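Here is the structure we will look at, set down as structure tokens.
2 protein chains.
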Amino acid sequence: MLADRFGSRFSQRAADLAAHGTNESHFPDMPPEAVIQPETTQEVSDILRACHAARCPVIGWGAGTSLEGHALAVAGGLCVDFGRMTRVIEVNDADMDVRVQPGLTREALNTELRATGLFFPVDPGANASLGGMAATRASGTTAVRYGTMRDNVLGLEAVLADGTVIRTGTRARKSSAGYDLTALLVGSEGTLALITELTLRLQGQPEAIAAAVCGFDRMRDAVDCVIATIQLGIPMARIEFIDAEAVAACNARSGLDFPRRPHLMVEFHGSDTSAAEDAERFGELVADLGGSDFAWAQKPEERNRLWQMRHEAYWAILASRPGARGVVTDLCVPISRLAEAVEETRADIDASGIPGPILGHVGDGNFHAVLLIDPDRPEEKRIALDLSHRMVERALRMGGTATGEHGVGLGKRGYMEAEHGAGWQVMGAIKQALDPLNLMNPGKLVPDPEG
Amino acid sequence: MLADRFGSRFSQRAADLAAHGTNESHFPDMPPEAVIQPETTQEVSDILRACHAARCPVIGWGAGTSLEGHALAVAGGLCVDFGRMTRVIEVNDADMDVRVQPGLTREALNTELRATGLFFPVDPGANASLGGMAATRASGTTAVRYGTMRDNVLGLEAVLADGTVIRTGTRARKSSAGYDLTALLVGSEGTLALITELTLRLQGQPEAIAAAVCGFDRMRDAVDCVIATIQLGIPMARIEFIDAEAVAACNARSGLDFPRRPHLMVEFHGSDTSAAEDAERFGELVADLGGSDFAWAQKPEERNRLWQMRHEAYWAILASRPGARGVVTDLCVPISRLAEAVEETRADIDASGIPGPILGHVGDGNFHAVLLIDPDRPEEKRIALDLSHRMVERALRMGGTATGEHGVGLGKRGYMEAEHGAGWQVMGAIKQALDPLNLMNPGKLVPDPEG
Chain A
1 MLADRFGSRF
11 SQRAADLAAH
21 GTNESHFPDM
31 PPEAVIQPET
41 TQEVSDILRA
51 CHAARCPVIG
61 WGAGTSLEGH
71 ALAVAGGLCV
81 DFGRMTRVIE
91 VNDADMDVRV
101 QPGLTREALN
111 TELRATGLFF
121 PVDPGANASL
131 GGMAATRASG
141 TTAVRYGTMR
151 DNVLGLEAVL
161 ADGTVIRTGT
171 RARKSSAGYD
181 LTALLVGSEG
191 TLALITELTL
201 RLQGQPEAIA
211 AAVCGFDRMR
221 DAVDCVIATI
231 QLGIPMARIE
241 FIDAEAVAAC
251 NARSGLDFPR
261 RPHLMVEFHG
271 SDTSAAEDAE
281 RFGELVADLG
291 GSDFAWAQKP
301 EERNRLWQMR
311 HEAYWAILAS
321 RPGARGVVTD
331 LCVPISRLAE
341 AVEETRADID
351 ASGIPGPILG
361 HVGDGNFHAV
371 LLIDPDRPEE
381 KRIALDLSHR
391 MVERALRMGG
401 TATGEHGVGL
411 GKRGYMEAEH
421 GAGWQVMGAI
431 KQALDPLNLM
441 NPGKLVPDPE
451 G
Chain B
1 MLADRFGSRF
11 SQRAADLAAH
21 GTNESHFPDM
31 PPEAVIQPET
41 TQEVSDILRA
51 CHAARCPVIG
61 WGAGTSLEGH
71 ALAVAGGLCV
81 DFGRMTRVIE
91 VNDADMDVRV
101 QPGLTREALN
111 TELRATGLFF
121 PVDPGANASL
131 GGMAATRASG
141 TTAVRYGTMR
151 DNVLGLEAVL
161 ADGTVIRTGT
171 RARKSSAGYD
181 LTALLVGSEG
191 TLALITELTL
201 RLQGQPEAIA
211 AAVCGFDRMR
221 DAVDCVIATI
231 QLGIPMARIE
241 FIDAEAVAAC
251 NARSGLDFPR
261 RPHLMVEFHG
271 SDTSAAEDAE
281 RFGELVADLG
291 GSDFAWAQKP
301 EERNRLWQMR
311 HEAYWAILAS
321 RPGARGVVTD
331 LCVPISRLAE
341 AVEETRADID
351 ASGIPGPILG
361 HVGDGNFHAV
371 LLIDPDRPEE
381 KRIALDLSHR
391 MVERALRMGG
401 TATGEHGVGL
411 GKRGYMEAEH
421 GAGWQVMGAI
431 KQALDPLNLM
441 NPGKLVPDPE
451 G
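Residue numbers (full-length UniProt numbering), protein chains in the order written: chain A, 1 to 451; chain B, 1 to 451.
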């Protein structure tokens, strides 16, 4: 019995179940029947073998920062909490990669790396676990330069539904040796396997960082500025958009006084010369497109203050309507359609009567509206979900995706068929092949099995 | 009947069968039973549906440049030749992407793109078809900067074994919407589906290009130079290694007079300022590590001459032993092990008595030996295959892969279990789920089905 073997690392206490059944989405809490905390891959394998024999569903748990209800125990079962698997196993300086356990958070990894001159660039804002970030194919502010988890996971160790341990990828920088199982598991949201180890690509800390913020009259000009920057090949490390409403919220929380208009926040990484040159060329584009209030943050503390504002934007927005709950949307469109998508969304939100500042990763065509609803007024939740529904429809109509970076979970499962067509059945066939008993995070991502 | 419907686009003429049964590997020719040339996705779907009903194997054919016997008809069947599906469907300037048919070659695409200021960067040397490059996860000289086909295919249209047409990916730059079917099909070598359309990421043509060549006393110093360059974050667009034997062959063919020692060939893309700065910083590293003969190719014609030499190296090497056939190896290791891997390989080849110049994509840890064997002396083929076998063992021992960029085909299938362990059975399970009759390029990549 797992309970006997794992002792205090196996829990059915109400508080533990509740803590692993909450979520940041609009879905009700759905606690698992038990929580277990493995310390080794072998223990994870033994747990999955036992669950397989008992036909017990299994749900992975990282830092609990999912926004789409990924870890809700819709069919009960056992929650495997990776909170005790947080080691950095090996840093390879020359190869610029690192092997880590899945429960390690990205901030903890970067703290450990500080002395090496290397860093892990993927930054979704929340201090998520790296296993969870891989499972949901997370990205964030730096994807425009460094890519998403898709690009930064070199290999995985993972445990299949029957307890089999597999290793995917190698430490070589590339390979043509067969199906890309690493890429298949990244974004599979625990429905195919539990990740027990990750090999991650690292980056050298840039010699110089230049950051700036600037305002535009119209969102469309800001987007045009970004398109021109990309086309000129000026490498941006981050390029973030915040709309006038989001600026107002950030001003109120952080005591700042940015003009109430759309802003871009940008960062360049490079040598002293190249970062300065990139910044100068970007500044010329901003001027051409009518941008103003162009301000450089040259000192680290100014830069940190700027990005602190961006990272705290979600909380600033929440605070702008006291007592409100946020429904966070997440769409991504081809960048040529971004201005149109944001403008339509802005108009739709304005007509709805509920507040919803917009901010996004403009270099990827990805943006979020934080719809602020009063939890005591059920009609506001309905309005928010209708707005969210129309946003997804808009994204799909424009050749984009229902989720740029938050993942499918429960929240976007209803759109998979519209987005993927027959491809969604292919995902179901792969799931069926690797998890025929449907025990791995059942009820998520893929179609329900027949019968 | 396909023969009736396709008329002259369906052939069983001996010459057509022979032309689609040859290959560049050491394997004997294995012609298909018929060749068909579809013009539309609908035709491909109809062909696959008919083959499914008739239990007829299906093998895709691009430009026939595979080095590992990917398209050999080991179980007979129908060869689907994409030579009539070569259109550029749509160029999206603002989004920097393009939709193409699979038979289009990379050179033809770049010719069509010339006026747009954009280019497609993946360059495996051969003028391969883009469908074939995706199917084998090709890369080449520019992967160190722009990535492999894994990184440059945004989405696919593909036809499954039963004729079902699926679309994977979107035109958005990123997505977290479910399993990454694009990444699963890239590198699947026609064993899961036939690719009928690709959406590819494009790059802006760089404002400035700086190229250089330099010699080193020891291969190890050249590799250390590359590692230092990467760690300093100096962005190289290409960084190629050719050993002393390869230099001699190139000198002989192209009338050049590079010293007979290991060389690096490097290229920087950027603005005038940044390319010059990158070049200067790289030159300092070269000097620190004892490199010499450092020569810039500043004019386009000088640069073209340099890369012409690299692109023709394979033919130069072949010509260095008249009448010889080349057995091309392809391994990839973590870059920290590259010097050791090349040195061991060099010593092993030298001891074997057959010539085998080495060249490679040093920024990726990927290199090739071109083993020159006399086709009339069967013992040389045995020696070459033994060398190749030990190279793969070496790569796997060092944490690398059996194939960096040439793919599995027939040549590397025997190493899949050693490289992937239980993961190879997972690939087999996915194949079984999507192609239960084992009709798509049977006998390649995955384990044989049971029974």
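Each residue gets a CB set at the ideal place from its N, CA and C atoms; glycine is no exception.
This one's a predicted model, so the numbers in the text were calculated from it and none came from an experiment.
Strand pairing of residue i, partner residues [DSSP]
i              : result
Cys-332(B)     : Asn-366(B) and Thr-401(B)
Arg-106(A)     : Per DSSP, none; premise fails for Arg-106(A).
Gln-58(A)      : Rather than Gln, the amino acid found at residue 58(A) in this sequence is Val. Looking at the DSSP assignment, Val-58(A) forms a beta bridge with Leu-78(A) and Met-440(A).
His-52(B)      : DSSP output for His-52(B) lists no bridge partner at all.
Ala-212(A)     : Val-266(A) and Trp-296(A)
Gln-203(B)     : Phe-119(B)
Ile-89(A)      : DSSP output for Ile-89(A) lists no bridge partner at all.
Ser-129(A)     : Thr-105(A)
Arg-325(A)     : Ile-373(A)
Val-159(B)     : Val-165(B) and Leu-194(B)
Val-153(A)     : Leu-200(A)
residue 453(A) : The structure shown has nothing for residue 453(A), since chain A only spans 1 to 451.
Ser-11(A)      : Val-35(A)
Inter-residue Cα distance where the pair is residue i and residue j
i              : j          : result
Trp-296(A)     : Ala-212(A) : 4 Å
Asp-330(A)     : Ala-138(B) : 33 Å
Thr-401(A)     : Glu-419(A) : 7 Å
Val-223(B)     : His-269(A) : 25 Å
Gly-64(B)      : Ser-25(B)  : 11 Å
residue 466(B) : Val-286(B) : This structure gives no information on residue 466(B), because the portion of chain B shown stretches from 1 to 451.
Asp-93(B)      : Ala-339(A) : 16 Å
Leu-192(B)     : Arg-87(B)  : 23 Å
Gly-365(B)     : Cys-332(B) : 5 Å
Gly-187(A)     : Val-446(B) : 23 Å
Leu-113(B)     : Arg-281(A) : 25 Å
Ser-175(B)     : Arg-325(A) : 25 Å
Minimum Cβ-Cβ distance from residue i to chain A less than 8 Å
i          : result
Cys-225(B) : no
Glu-393(B) : no
Glu-405(B) : yes
Ile-383(B) : no
His-420(B) : yes
Met-96(B)  : yes
Asp-162(B) : no
Gly-132(B) : no
Tyr-314(B) : no
Phe-445(B) : For the record, residue 445(B) in the displayed sequence is Leu; it is not Phe. Yes - at least one Cβ of chain A is within 8 Å of the one on Leu-445(B).
Met-440(B) : no
Ser-139(B) : yes
Residue-chain proximity (residue i, chain B), Cβ-Cβ < 8 Å
i          : result
His-368(A) : no
Arg-150(A) : yes
Asn-23(A)  : no
Glu-277(A) : yes
Ala-14(A)  : no
Ser-175(A) : yes
Ser-188(A) : yes
Integer Cβ distance of residue i from residue j, believed to fall under 8 Å
i          : j          : result
Leu-387(B) : Asp-348(B) : 6 Å
Ile-209(B) : Val-362(B) : That belief does not hold up - the Cβ atoms of Ile-209(B) and Val-362(B) are roughly 19 Å apart, past 8 Å.
Ile-227(A) : Ile-358(A) : That pair is no contact at about 18 Å.
Val-144(B) : Met-133(B) : That belief does not hold up - the Cβ atoms of Val-144(B) and Met-133(B) are roughly 17 Å apart, past 8 Å.
Ser-129(B) : Thr-105(B) : 5 Å
Ser-254(B) : Ser-274(A) : About 34 Å; that fails the 8 Å criterion.
heavy atom of the ligand MG below 7 Å from residue i C-beta
i         : result
Arg-55(A) : Here there are no bound small molecules, and the ligand MG is not part of this structure.
Exercise. Would you be able to state if there are at least three C-beta pairs under 8 Å between the segment 435-450 of chain A and the segment 44-55 of chain A?
Key: Touching, yes.
Quiz prompt | Cβ contact check for the segment 160-172 of chain B and the segment 157-175 of chain A: 3 or more pairs under 8 Å | solution = Counting C-beta pairs closer than 8 Å gives fewer than three between the segment 160-172 of chain B and the segment 157-175 of chain A, which falls short of the contact rule.
Quiz item: Hey, is the segment 229-239 of chain B in contact with the segment 277-285 of chain B, meaning 3+ C-beta pairs nearer than 8 Å?
Solution: Result yes; three or more Cβ-Cβ pairs closer than 8 Å.
Self-check item: Inter-stretch contact (C-beta, 8 Å, three-pair minimum) for the segment 425-435 of chain A and the segment 148-157 of chain A
Solution: Result no; under three Cβ-Cβ pairs closer than 8 Å.
Quiz item: Does the pairing of the segment 390-405 of chain B with the segment 315-322 of chain B give three or more beta-carbon distances under 8 Å?
Solution: In short, these stretches do not touch, since the Cβ pair count stays below three.
Practice problem: Evaluate the contact criterion for the segment 407-421 of chain A versus the segment 192-203 of chain B: three or more CB pairs, one atom per stretch, below 8 Å. | Solution: Under the three-pair Cβ rule at 8 Å, the segment 407-421 of chain A does not count as touching the segment 192-203 of chain B.
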